[in-house]
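Residue numbers (my numbering): 1 to 263.
The structure appears below as structure tokens.
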Ligand SMILES: [Zn+2]
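Below is the structure:
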């Protein structure tokens, strides 16, 4: 059994209409304007182990220059500072399980030189050689910077895998090629850390009027994969509360509440 400590590493300035909601569902939601979405990572502790799910985003300058202008990593929000605030040194982290390798999920990997790294094999292969449309997302060297994962070796997973007792992953492609959801066993039940599969809990909502069993997000690589992955997430997770998306606005309230899940 594990506990899950949600941690925010910064905020990305995001258009609601472009990211959160597919244009076909715009009339059912408030899609105007921008939101500062949290970039959440999860510290998982139990059985003498400390594991991170993703490592979060870069500093403000790099985020603005290469990614989303207006994004912010406030002072003290980098993953190494956030861990220090709760009394943990980066060197104590045994493993990092990545939902995917986009820039806002992999920063400061050099602070974790001894950690075992886990990712889906097809995500890793695409990250090394993305199509130009995704050069920025993976910080492909053609844009003039090096990706955080350069020179690191990963445990490359192929499909649904038990990583260790109480922690497993299953593929949830759609937002990226090899996106995966991480399932963590706790006293509350199994939490599904679903990365960027959904951006808001609204993406889980049915719209009976148009026979939609979900409300798809606006940003994806493959909408067919994304759709099936979201339906699968709804099927597997016991309730909405057991789903933990990286960027859902509600994660701010969860972090502010100080709640440790499964404690
Ligand atoms: Zn993301």
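All C-beta atoms in this analysis are idealised placements derived from N, C-alpha and C, irrespective of residue type, glycine included.
Near residue i, which residues of its chain fall below 6 Å by C-beta distance, leaving aside the five closest residues on each side in sequence?
i           : result
residue 222 : 174
residue 245 : 194 and 198
residue 154 : 117, 119 and 124
residue 37  : 12, 14 and 247
residue 178 : 120, 122 and 123
residue 254 : 6
residue 235 : none
residue 140 : 130
residue 200 : 20 and 248
residue 114 : none
Can you find the residues in the same chain that come closer than 8 Å, C-beta to C-beta, to residue i, ignoring five residues on each side of it along the sequence?
i           : result
residue 160 : 168, 169, 170 and 171
residue 80  : 90, 108 and 111
Exposed or buried, residue i, counting other C-beta atoms within 10 Å across all chains shown (16 or more means buried)?
i           : result
residue 231 : exposed
residue 39  : buried
residue 256 : exposed
residue 233 : buried
residue 33  : exposed
residue 129 : exposed
residue 133 : exposed
residue 215 : buried
residue 224 : exposed
residue 239 : exposed
residue 217 : buried
residue 263 : exposed
residue 211 : exposed
residue 202 : buried
residue 142 : exposed
residue 50  : buried
Just tell me which of the options has its CA closest to the CA of residue i.
i           : options              : result
residue 93  : 120, 112, 14 and 150 : 112
residue 103 : 66, 70 and 125       : 66
residue 2   : 20, 226, 46 and 17   : 46
residue 163 : 181, 146 and 243     : 181
residue 48  : 95, 75, 42 and 9     : 95
residue 31  : 16, 207, 74 and 189  : 16
residue 237 : 185, 260 and 192     : 192
residue 189 : 176, 146 and 241     : 241
residue 9   : 19, 35 and 42        : 42
residue 250 : 35, 144, 52 and 18   : 35
residue 98  : 157, 68 and 252      : 157
residue 53  : 4, 18 and 88         : 4
residue 184 : 44, 73 and 18        : 44
With a CB to CB cut of under 7 Å and the five nearest residues on each side skipped, what residues in its chain are close to residue i?
i           : result
residue 229 : 172, 173, 174 and 197
residue 109 : 55, 148, 149 and 152
residue 136 : 66, 67 and 143
Any C-beta of chain C sitting closer than 8 Å to the C-beta of residue i?
i           : result
residue 248 : This model lacks chain C altogether; it includes just one protein chain.
Give a single yes or no on whether residue i has its beta carbon closer than 7 Å to a heavy atom of ligand 2.
i           : result
residue 102 : Ligands displayed in this structure: ligand 1; ligand 2 is not among them.
Validate contact between the segment 79-87 and the segment 124-144 using beta carbons, cut 8 Å, 3 pairs: no
Touching by the beta-carbon criterion (3+ pairs, under 8 Å), the segment 56-63 and the segment 15-29: no
Contained beta strand (DSSP E) runs [length at least 3] in the segment 164-225, N- to C-terminal order: 167-171, 180-186 and 189-195
Segments of 3+ residues assigned as beta strand (DSSP E) that fall wholly inside the segment 102-135: Runs of the beta strand (DSSP E) inside the segment 102-135: 116-120.
Contiguous beta strand (DSSP E) assignments of at least 3 residues, all confined to the segment 29-69: 34-46 and 49-53
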